[in-house]
Amino acid sequence: MGAIEIFLVSLMIASCLLPSASAATRHYKFEIKMQNVTRLCHTKSMVTVNGQFPGPRIVAREGDRLEIEVVNHVHNNISIHWHGIRQVHSGWADGPAYVTQCPIQTGQKYLYNFTIIGQRGTFWWHAHISWLRSTLYGPIIILPKKNTPYPFAKPYKEVPIIFGEWFNADTEAIISQALQTGGGPNVSDAYTINGLPGPLYNCSTKDTFKLKVKLGKTYLLRLINAALNDELFFSIANHTLQIIDADGVYVKPFETDTLIITPGQTHNVLLKTKPHFPNATFYMTARPYVTGPGTFDNSTVAGILEYESKTKLHFKNLPLFKPLLPALNDTNFVTNFTSRLRSLASPQFPANVPQNVDKRLFFTVGLGTSPCDQNKTCQGPNGTKFSASVNNVSFILPTTALLQSHFFGQSKGVYKPDFPYSPLNWFNYTGNPPNNTLVHNDTKLVVLPFNTSVELVMQDTSILGLESHPLHLHGFNFFVVGQGFGNFDPNKDPSNFNLVDPIERNTVGVPSGGWVAIRFLADNPGVWFMHCHLEVHTSWGLKMAWLVQDGKLPNQKLPPPPMDLPKC
């Protein structure tokens, strides 16, 4: 494609994607720099955005254009992902390093430029290279279009609550050592709420998130799980939460005392405060849900809910109530909670579930092994390295960006378009594991024609132990049409699929010892990452990518890359 053709195509696509007259362009600047931060009486220099931990909040409305300039002042390569934003016709701004862009190198900058199309709710941004998202993350709040109400009563106040992890050590050193030895990485020293570990950890009472509320009001809590490696239970003592949204999609509201949220997921919940002063304060706590054989941070983060009082009170003298969270391995609770999630499926917010399927795929997900590098000692099973895989393919990131290679027809030697649609070797996936646990290391993509309707079943495996896997798909929302335990039965299980009001989201947990089925329409051309949002598994290779080809019409084609796209 010549320069004039590229220019004309970009003009035609731009004309189809112009924001409405009421939409705005919102500008942000992210200065990536080192900052000394102290938690748990431990001070360390870490990578931040604008010196903040967590990073700054992005606020926009549906239909707005966002222009976020990222300037890299640190020695690490940087890329930023706008988690849950579909990036319709703006795949160059999606962010995963070596997938949609080369990373931003030291002293360089990149303008992430994209429009929010057909989305509203709670999303978030984070670094998408190595383990840098342990400190580089923050909320994205997309409000409805002007004069468009919520499908529920307007809350008195909206409060982002973002869960994270604190490591006393340098996370880049932790993951580097784990990748070299092939063993499990060291776990975090604390979980955090809005960057604060709270009073249940040593030397942390002063670093406690406090939510101060008024009597008889409704608060919208925007919950985000930005933790690296753990699904979390969350509850507020003596209070009920109403679930109204999952991953930026309205759901049929229901009430619960406790919720489960996997890494990468968001939930909007309504908190109705008590009508009379309760003469007490209340812990809001989160701790992990654990299914796998690996080590984990077995601790609890707490914030405090305080009621405002007209009289001067010493809150330390009031009783402090603590919620009762499910057991660490309470899979029954997780199953029951997720089964209650249903799309709102109203005329204004329909559930457009693909009723017909063009392409059916079956992916096994789990841990395997790779041989130890020569002259190295590895800490995986029998002296091997842990390697996560999808259909026994452990994904190798290339040294140049996949999207760029595809767009300019330079894919040879970068990737192969033959990712297996199903496992090459069938076995009893949740039964006794096979003797051979070695995986195949390669860079393979699934290629889909534009507008293909896809059904994907993801099956957990017992090769090195059953466990839950939170899988995140870039570029699309999908409908969770079914899930179950044991091995998926293609003859029986589809008859129980929900094709009416299944939950629509961008991150879903594959149940430990079970399977999940999703459907989506491949209507967004480009190269799109799919990976486990447990960072350790992502580093080990539990990831793959989809290549969605251009359609025939101008508004069905990926525009050319921006002039400032980083170079490898």
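According to mature numbering (1 follows the signal peptide of the UniProt record, and there is no 0), the residues represented by the sequence shown are -23 to -1, 1 to 545, in order.
No residue lacks a Cβ here, since even glycine has one placed at the ideal position from N, Cα and C.
For this session: For G(-22), count neighbouring C-beta atoms within 10 Å of its own C-beta (all shown protein chains included) and say buried if the count is 16 or more, exposed if not.
Result: Along the sequence shown, read from residue 1 onward, the residue named residue -22 stands at position 2. Reliability fails at G(-22), whose pLDDT of 43 lies under 50, so the model's placement of it is uncertain and no value is given.
For this session: Please state if the CB of I106 and the CB of residue 546 are separated by a distance shorter than 7 Å.
Result: There is no way to answer for residue 546, as the model of the chain reaches only from -23 to 545.
For this session: Round the Cβ separation of L109 and V47 to the nearest angstrom and send it over; I've been treating them as touching at under 8 Å.
Result: For the purposes of this step, residue 109 is identified with residue 132 of the sequence shown, where counting begins at 1. For the purposes of this step, residue 47 is identified with residue 70 of the sequence shown, where counting begins at 1. That pair is no contact at about 12 Å.
Exercise. Quick one: is R317 buried, meaning 16 or more other Cβ sit within 10 Å of its Cβ, or exposed?
Worked result: Here residue 317 corresponds to residue number 340 of the sequence shown, with the count starting at 1. By the neighbour-count rule (16 or more Cβ atoms within 10 Å), R317 is not buried but exposed.
For this session: Examine the Cβ distances between the region 327 to 341 and the region 121 to 134 and report whether three or more of them are shorter than 8 Å.
Result: No: the two stretches stay apart, fewer than three of their Cβ pairs being nearer than 8 Å.
Exercise. With a Cβ-Cβ cutoff of 7 Å, do Q219 and P230 count as a contact?
Worked result: Taking the sequence shown and counting its residues from 1, one reaches residue 219 at position 242. Taking the sequence shown and counting its residues from 1, one reaches residue 230 at position 253. It is a contact, given that the beta carbons lie within the stated cut-off.
Exercise. Ordered along the chain, which non-local residues of its own chain (more than five positions away) have a Cβ less than 8 Å from that of Q526?
Worked result: To locate residue 526, count along the sequence shown from 1; it is residue 549. Residues V424, L425, P426, F427 and P502 of the same chain have their beta carbon placed closer than 8 Å to that of Q526, with the five preceding and five following residues left out of the count.
Exercise. Among Q154, L374 and G271, which one has its Cα closest to the Cα of V76?
Worked result: Translated into the one-based positions of the sequence shown, residue 76 becomes position 99. Between V76 and the set Q154, L374 and G271, the nearest pair of CA atoms involves L374.
For this session: Give the straight-line distance between the Cα atoms of L236 and K353, rounded to the nearest whole angstrom.
Result: Here residue 236 refers to the residue found at position 259 of the sequence shown. Here residue 353 refers to the residue found at position 376 of the sequence shown. For L236 and K353, the distance between alpha carbons rounds to 43 Å.
Exercise. Just curious, the beta strand (DSSP E) that L248 is in, first and last residue?
Worked result: Within the sequence shown, numbered from 1, the residue matching residue 248 stands at position 271. T243 to K249 is the extent of the beta strand (DSSP E) around L248.
Exercise. Taking the alpha-carbon positions, what's the N306 to R496 distance?
Worked result: Here residue 306 refers to the residue found at position 329 of the sequence shown. Here residue 496 refers to the residue found at position 519 of the sequence shown. Taking the CA atoms as reference points, N306 sits about 28 Å from R496.
Exercise. How would you write the range of the beta strand (DSSP E) that A155 sits in, first residue to last?
Worked result: Reading the sequence shown from its first residue, position 178 is the one you call residue 155. Run containing A155: none in the beta strand (DSSP E); it sits in the alpha helix (DSSP H), T148 to T158.
Exercise. Between the Cα of S489 and the Cα atoms of S347, I170, E208 and Q387, which residue gives the shortest distance?
Worked result: Counting from one through the sequence shown, the residue named residue 489 turns up at place 512. Ranked by how close their Cα comes to the Cα of S489, the residues S347, I170, E208 and Q387 have E208 in first place.
Problem set entry | Coarse secondary structure for T376, derived from DSSP in three states | As a working note, residue 376 is residue 399 in the sequence shown. Secondary structure at T376: coil, using DSSP grouped into helix, strand and coil.
Problem set entry | Beta carbon of H103 nearer than 7 Å to that of Y114 | Against the sequence shown, residue 103 aligns to sequence position 126. Against the sequence shown, residue 114 aligns to sequence position 137. For the pair H103 and Y114, the CB atoms are nearer than the 7 Å cut-off.
Problem set entry | C-alpha gap between N275 and V246, whole angstroms | Mapped onto the sequence shown, residue 275 falls at position 298. Mapped onto the sequence shown, residue 246 falls at position 269. Cα-Cα distance, rounded: 26 Å.
Exercise. Which value, in whole angstroms, describes the spacing of the CA atoms of P121 and N202?
Worked result: Here the question's residue 121 lines up with position 144 in the sequence shown. Here the question's residue 202 lines up with position 225 in the sequence shown. Each residue's Cα considered, the two are about 22 Å apart.
Problem set entry | N418 - partner residues in DSSP beta bridges | Counted from its first residue, the sequence shown places residue 418 at position 441. S371.
For this session: Determine the extent of the beta strand (DSSP E) in which V493 is found, giving its start and end residues.
Result: Within the sequence shown, numbered from 1, the residue matching residue 493 stands at position 516. For V493, the enclosing beta strand (DSSP E) starts and ends at G491 to A499.
Exercise. Whose CA, out of A214, K251 and E512, lies closest to the CA of T233?
Worked result: If you number the sequence shown from 1, residue 233 lands on position 256. Checking every option, the nearest Cα to that of T233 belongs to A214.
Problem set entry | Best match in L248, S181 and Y406 for proximity to P137 [C-alpha to C-alpha] | If you number the sequence shown from 1, residue 137 lands on position 160. Closest option to P137, Cα to Cα, is L248.
Exercise. Using a Cβ-Cβ cut-off of 7 Å (strictly less than) and excluding sequence neighbours within five positions of H52, which residues of its own chain qualify?
Worked result: Here residue 52 corresponds to residue number 75 of the sequence shown, with the count starting at 1. Cβ within range, chain order: T83.
Exercise. What is the C-beta distance between F384 and T420, in whole angstroms, given that I count them as a contact (C-beta under 8 Å)?
Worked result: Counting from 1 along the sequence shown, the entry for residue 384 is found at position 407. Counting from 1 along the sequence shown, the entry for residue 420 is found at position 443. For a cut-off of 8 Å, the C-beta gap from F384 to T420 is around 17 Å, too long to register as a contact.
Exercise. Per DSSP, what kind of secondary structure is A263 in: helix, strand or coil?
Worked result: Within the sequence shown, numbered from 1, the residue matching residue 263 stands at position 286. Strand.
Exercise. Start and end of the beta strand (DSSP E) containing N90?
Worked result: On the sequence shown, residue 90 is found 113 positions in, with the first residue counted as 1. Per DSSP, N90 belongs to the beta strand (DSSP E) from K86 to T92.
Exercise. Is it the case that the Cβ atoms of H510 and H451 are separated by a distance below 7 Å?
Worked result: Your numbering for residue 510 matches position 533 in the sequence shown. Your numbering for residue 451 matches position 474 in the sequence shown. No. Outside cutoff.
Exercise. Buried or exposed: where does L(-13) fall if 16 or more other Cβ atoms within 10 Å of its Cβ makes it buried?
Worked result: Sequence index remark: in the sequence shown, residue -13 carries index 11 (1-based). Unreliable placement is indicated for L(-13), whose pLDDT of 37 sits below 50; no coordinate value is reported for it.
For this session: Name the residue from N206, A167 and L321 whose alpha carbon lies nearest to the alpha carbon of S516.
Result: By 1-based counting over the sequence shown, the position of residue 516 is 539. Selected option, being the one with the closest Cα: N206.
Problem set entry | Same chain, Cβ closer than 6 Å to V513, five either side skipped, listed in chain order | As a first step, residue 513 is located in the sequence shown; it is residue number 536 there, counting from the start. Excluding residues within five positions, the ones whose Cβ falls inside 6 Å are P162 and N206.
For this session: At 3 residues or longer, and completely inside the region 337 to 414: list those beta strand (DSSP E) runs for me, N to C.
Result: 362 to 367 and 370 to 372, all fully within the region 337 to 414.
Problem set entry | S22, enclosing beta strand (DSSP E) - first and last residue | Here residue 22 refers to the residue found at position 45 when the sequence shown is read from its first residue. First-last of the beta strand (DSSP E) with S22: H19 to V26.
Exercise. Exposed or buried, what is S347 when buried is set at 16 or more other beta-carbons lying within 10 Å of its beta-carbon?
Worked result: Along the sequence shown, read from residue 1 onward, the residue named residue 347 stands at position 370. Classification of S347: buried, given that the 10 Å Cβ count is 16 or more.
Exercise. For the alpha helix (DSSP H) that V513 lies in, which residues bound it at each end?
Worked result: Taking the sequence shown and counting its residues from 1, the one referred to as residue 513 is at position 536. Under the DSSP assignment, V513 falls in the alpha helix (DSSP H) whose first and last residues are E512 to W517.
For this session: Please look up how many angstroms separate the CB atoms of V226 and E44, rounded, as I've assumed it's under 8 Å.
Result: Within the sequence shown, the letter at position 249 stands for residue 226. Within the sequence shown, the letter at position 67 stands for residue 44. Not confirmed; about 25 Å, so no contact.
Exercise. Is R34 closer than 7 Å to P116 when the C-beta atoms are compared?
Worked result: On the sequence shown, position 139 is the one that residue 116 refers to. On the sequence shown, position 57 is the one that residue 34 refers to. Yes, the pair counts as a contact, with Cβ atoms nearer than the cut-off.
For this session: In angstroms with no decimal places, state the Cα-to-Cα distance between N413 and N402.
Result: Position 436 of the sequence shown, counting from 1, holds the residue named residue 413. Position 425 of the sequence shown, counting from 1, holds the residue named residue 402. N413 and N402 have their C-alpha atoms spaced approximately 11 Å apart.
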